[in-house]
Every structure is written in structure tokens, then in C-alpha cells.
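**Q** The structure's right below; bear with me while I get my questions together.
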Amino acid sequence: QPDSRICCPITFQGEMASRRQRLSKCCTVAIAAALFYGFGATLYVVPGSSEQTGSGADQTKPLQRRALLAGLLAPAIPGRADALMPEELRAASLFQRVSPSVLTVGEKRSSPSAAPQGPTGTGFVWDASHVVTNFHVVSELKDPHVTFLRKGEAGDEHVTLGAYVVGADPLSDIAVLQVKDDQSAEMPTLMQPLDRGRSHMLKPGQEVFALGNPFGLEHSMSKGVISGLSRSMEGAGGWPMNGIIQTDASINPGNSGGPLLDSEGAVVGVNTAILSTSGTFSGVGFALPIDTVAKNVGAMIEEGYVSRPSIGVELAPDAMSESLGMPGAMVMKVVPGGPAQQAGMRALRGGQLGDVIVRMGGRQISSSTDVFRYLDQRKPGEEIVMTVQRASQDVNSDDPDVVDLKVRLGRSNSKMVVY
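As C-alpha cells, this is what we get:
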């Protein structure tokens, strides 16, 4: 008689499926029993407990087997405080290393443990006596102080020291504070400078960390990546801030002036702004590149300001030029005795439109921003050719006159608002 498993494949498959189900149930019961006994050993069998009473090897071996099983399963049990991944250990180590050099900038506290009064921001140690922060953090402070948070025997301790502004540049939103060195013998141990990296070597996708005091929460760290590079922002007086770093590391009010660090703990930027419709972080933060910061901080420590080239004019709002259908940068005022006046540039007066700058050094100028960008690449004392359009001397002509002017760039500092 033929084997039914060969003649009836469907019946054979059903029988095999039934066997697999029975085997699966047996395995499930066995595993459940093993887990029960294993965890029983872990949870209940301790030295001196009643389960260890008795004599002979028969009493010892089951306990050994149960404990061994529990030991094998122990690494899979979540909740261990020290079970950190290598990336987490690296981030925690970075925070412990750099956070003592990140501080609060604000008015003097009424007591060491009191909350800061008025607006506050973040700063970080630049060298043995200077702290760097944002200009907008210190612009309204009457009596600047810096507060360090350190670990003491009784827990966190605040150390507040007086400081004064030695340089401020509203155009790049950078300020430098000098900490008064006659207030505490601990100052050398507190003023530990952070390492500085190179912002021109950053790559999108690179890991970064933002440290600061968001909403007054001291020594907070957030993690993110470089989202974009070479962004532009408008600074004070319309002067462009170029090379801005975009990051998704969380930045909120209070983070301003704090460091943006690479994975080695080196400062690659200074947190300065967010793009948001609510006033809180929405995934787009901006930091000043450390290359620009380092150059300007050096100038401020040495001279107290950042020197920039100047043509000695005040430009009209771009909307005025656009409404008149005249692309370019319209001159509204000319500084008496300045480079533009010496070159013969004309301002708006008596109902007559001023000169409209259309080219600088051969470069097309379409707005006031283009003027600032061009000047940002030049140095005081350089001579450039500026092409302007002005009202025609021929009253019957609708076409403007085009005039080339040779201008020797002057020097302005960050305390001036007229360029």
C-alpha cells in the first residue's frame, strides 16, 4: 500500500505543520520555565536565605544552574545606569571637560545662590582674562558680571566675578569682556580657555554640540549636526554677516553667546540666533563662524573695535530704489569730508535724487547689501572705481548720466553707524 505522505502531499504538509506547532509549544513552555527559574535565582536567592538550607550536592547544583542561567540573561536586562554606548560616553566626557569654561553673562546677583537679575546670556572663556559672548547679550547690561558653575563639596556652587566690556562689534554681534583679576584667588583655575577649531573645514552632517543656559537652565547641552554652511544674516545697520553656520542643535533664548563645539570639544562657532515663528527653537539655529570671531576678537582686544573700510555715505532703503525702478544702492547722505564727498558723490537734496551706485570695482551692485558685501572684502586705504547713475544735466533727457568715481576707502570702527 503506497505511503499516504507521498500520494497525499496536502495531508503530509498538514501533519508536519501540526508537529511544528506542538514542537513550538514545547519550546515556549521550556523557555518560560527556564526564565522563571533563572529570574527566581536572580531575584530571590541571596546569601543566608532559606532556599540555601539543606545539605548535599543535590541542593547546590539546581541553584548553580539557575544562577548560571540568570547570569547569561542579565546583560539583556535594561536599566543599568552604566550601560552607555561609546557615543554616549564620548559626549558625556566632552561635557564634563568643557562645561566649566561655559558661564552665564548678566547683571550682578544679589547673592551667590540667587537667580540672575535682568537679561542673561552665555559666554565662554577665551583666554586667561577674557570672555567672549554676543554683542546683543551685553548691549543692555549696566554692570556686567560673569558667573561660573562649579562642583563643590556641598554640590553645585556659583562664583560670580565682575567684568567690563573691552570691545564690542554690533556688525558681527560679538563682544569681549575682561574679567577683573583682583576679585578672587581662584580666577586662574576658573579661566580655562576652550580649544578653538576651524570653521572653514566644517562639513554638512558633521556632529556638533551647543552649550549654554537656555531659559536660565545653566550648563545645558544639546546635540545636532551642521545643517548648512555659508548662510547670510543681516547685522546692525544692514551690514551682512556672512559664512553663518546653520545647525539643528537646539538653541533657545539664553543660549546666545555660547559655544558651538565639534566632536573633539573645539569651538567652531558662537550661537547667536534662531529662525522661528514662535520665538523658540524650531530646528533652525545659527552660529557665527569661529574664523570670523577669532579675527574680530583679536582686533577688539588690541584696539577695542573692529576696523572696516568706509566710503562715508548713508544709503537709502532698497525699497526706495525699487519703487523708482532704479536698481542699485541710492545715496541718501554723504559724510562731510569723507571719501565719497572727496570723490564728488552726490546725496539726496532739494527734491533731487542722489547718486545710485551700480558698480563697485567692476562688480554689479543691485542693492545696499551688495555694497556691504563688497566692502567686507576690501581694506581701508584701497582705491576703487565706483560707477554711479545720476540725474542727467540735460533737462530734456530721460536717461541718467553714468559717471565713474575714484574713491579711496576710509576707515571706520564698529562704533560708527554710517558707512
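Under my numbering, think of the first position of the sequence shown as 161, with each following residue one higher.
Cβ atoms here follow ideal geometry from the backbone N, Cα and C, with glycine treated the same way.
Treat the numbers as computed from the prediction; the structure is a model and nothing was measured.
(1) What does the alpha-carbon distance come out to for the pair M460 and L244?
(2) Can you grab the Cα-Cα spacing for the pair D287 / E482, in whole Å?
(3) Cutting at 7 Å between CB atoms, please list the residues of its own chain near F375, excluding the five before and the five after it.
(4) Quick check on K455: does DSSP put it in helix, strand or coil?
(5) Tell me the start and end of each unbroken alpha helix (DSSP H) in the stretch 503-578 that is at least 4 residues and wholly inside, in chain order.
(6) For D476, write down the residues that DSSP places opposite it in a beta bridge.
(7) Leaving out five residues on either side along the sequence, give the residues of the same chain with a beta carbon under 6 Å from the beta carbon of D478.
(8) Three or more C-beta pairs under 8 Å: does that hold for the stretch 510-526 against the stretch 540-549?
(9) Suppose the cutoff is 8 Å on Cβ atoms and the five residues either side in sequence are ignored; what does the same chain contact list for G439 look like?
(10) CA-CA distance, G417 and T293?
(11) Please list the terminal residues of the continuous alpha helix (DSSP H) segment that includes L254.
(12) Cβ of I471 within 7 Å of Cβ of A500?
(13) Would you say the stretch 426-438 touches the stretch 349-357, given that touching needs at least three Cβ pairs under 8 Å?
(14) Please go through the same chain and pick out, in chain order, the residues whose beta-carbon is closer than 7 Å to the beta-carbon of G365, but skip the five residues on each side of it.
(15) Does the Cβ of A314 have 16 or more other Cβ atoms within 10 Å, making it buried, or fewer, making it exposed?
(16) Let me know if P580 comes out buried or exposed under the rule of 16 or more other beta-carbons within 10 Å of its beta-carbon.
(17) Under DSSP, the beta strand (DSSP E) around L420 begins and ends at which residues?
(18) I450 by DSSP, collapsed to three states: which one?
(19) Using beta-carbon positions only, say whether F308 and L350 come within less than 7 Å of one another.
(20) Less than 8 Å between the CB atoms is what I'm expecting for V265 and V319, so what's the real figure, rounded?
(21) Measuring alpha carbon to alpha carbon, tell me which of E267, L371, N556, A489 ends up nearest S410.
(22) Note down the Cα distance separating S423 from E378, rounded to an integer number of angstroms.
(23) Please state whether the Cβ-Cβ distance between R538 and P469 is less than 7 Å.
(24) Near S436, which residues of its chain fall below 7 Å by C-beta distance, leaving aside the five closest residues on each side in sequence?
(25) To the nearest angstrom, how far is the alpha carbon of E542 from that of G570?
(26) Can you tell me whether DSSP reads M347 as helix, strand or coil?
(27) Whole angstroms is fine: what's the gap from Q343's alpha carbon to D303's?
(28) With 16 other CB atoms within 10 Å as the buried threshold, where does Y534 fall?
(29) Closer than 7 Å by C-beta to W399: which residues in its own chain qualify, once you throw out the five before and the five after it? Chain order, please.
**A** Reading off the structure:
(1) By one-based count along the sequence shown, residue 460 stands at place 300. By one-based count along the sequence shown, residue 244 stands at place 84. Separation of M460 and L244 (C-alpha to C-alpha, rounded to the nearest whole angstrom) is 43 Å.
(2) Translated into the one-based positions of the sequence shown, residue 287 becomes position 127. Translated into the one-based positions of the sequence shown, residue 482 becomes position 322. Answer to the nearest angstrom: the Cα atoms are 47 Å apart.
(3) Taking the first residue of the sequence shown as position 1, residue 375 is located at position 215. Contacts found: N412, P413, G414.
(4) One-based indexing of the sequence shown puts residue 455 at position 295. Taken through DSSP and simplified to helix, strand or coil, K455 comes out as helix.
(5) 528-535
(6) Sequence index remark: in the sequence shown, residue 476 carries index 316 (1-based). It should be noted that the sequence gives Ala, not Asp, for residue 476. DSSP lists no partner for A476.
(7) Against the sequence shown, residue 478 aligns to sequence position 318. Only S527, S528 meet the Cβ criterion.
(8) Cβ pair count under 8 Å is three or more, so yes.
(9) Mapped onto the sequence shown, residue 439 falls at position 279. Here the set comprises P413.
(10) Reading the sequence shown from its first residue, position 257 is the one you call residue 417. Reading the sequence shown from its first residue, position 133 is the one you call residue 293. About 4 Å.
(11) Counting from one through the sequence shown, the residue named residue 254 turns up at place 94. In this chain, the alpha helix (DSSP H) harbouring L254 covers 246-258.
(12) Position 311 of the sequence shown, counted from the start, is the residue given in the question as residue 471. Position 340 of the sequence shown, counted from the start, is the residue given in the question as residue 500. In this structure, A500 lies closer than 7 Å to I471 by Cβ.
(13) Judged by Cβ distances under 8 Å, the stretch 426-438 makes contact with the stretch 349-357, as three or more pairs qualify.
(14) Sequence index remark: in the sequence shown, residue 365 carries index 205 (1-based). Cβ neighbours of G365 beyond the five flanking positions: V385, I386.
(15) For this step, residue 314 is matched to residue 154 along the sequence shown. Answer is exposed; the Cβ neighbour count stays below 16.
(16) Nothing can be reported for residue 580: it is not among the residues displayed for the chain, which extend from 161 to 579.
(17) Numbered from its first residue, the sequence shown carries residue 420 at position 260. 419-422 is the extent of the beta strand (DSSP E) around L420.
(18) Residue numbering aside, residue 450 sits at position 290 when the sequence shown is read from its first letter. I450: helix per DSSP, three-state reduction.
(19) For the purposes of this step, residue 308 is taken as residue 148 along the sequence shown, with counting starting at 1. For the purposes of this step, residue 350 is taken as residue 190 along the sequence shown, with counting starting at 1. For F308 and L350, yes; Cβs fall inside 7 Å.
(20) Here residue 265 corresponds to residue number 105 of the sequence shown, with the count starting at 1. Here residue 319 corresponds to residue number 159 of the sequence shown, with the count starting at 1. About 14 Å separates the two Cβ atoms, so there is no contact after all.
(21) As a first step, residue 410 must be located in the sequence shown, where it is residue number 250. Nearest option by C-alpha distance: L371.
(22) Residue 423 sits at position 263 when you count from the first residue of the sequence shown. Residue 378 sits at position 218 when you count from the first residue of the sequence shown. Approximately 21 Å, taken between the alpha carbons.
(23) Numbered from 1 along the sequence shown, position 378 holds the residue referred to as residue 538. Numbered from 1 along the sequence shown, position 309 holds the residue referred to as residue 469. Result yes, Cβ atoms of R538 and P469 sit closer than 7 Å.
(24) Mapped onto the sequence shown, residue 436 falls at position 276. Excluding sequence neighbours, S436 sits near S442.
(25) What you label residue 542 is simply residue 382 of the sequence shown in a count that begins at 1. What you label residue 570 is simply residue 410 of the sequence shown in a count that begins at 1. Distance between the alpha carbons of E542 and G570 is about 8 Å.
(26) As a first step, residue 347 must be located in the sequence shown, where it is residue number 187. Residue state, collapsed to three classes: helix.
(27) Along the sequence shown, one-based indexing puts residue 343 at 183. Along the sequence shown, one-based indexing puts residue 303 at 143. Approximately 15 Å, taken between the alpha carbons.
(28) Within the sequence shown, numbered from 1, the residue matching residue 534 stands at position 374. Under this definition Y534 is a buried residue.
(29) Within the sequence shown, numbered from 1, the residue matching residue 399 stands at position 239. Excluding residues within five positions, the ones whose Cβ falls inside 7 Å are L331, F532.
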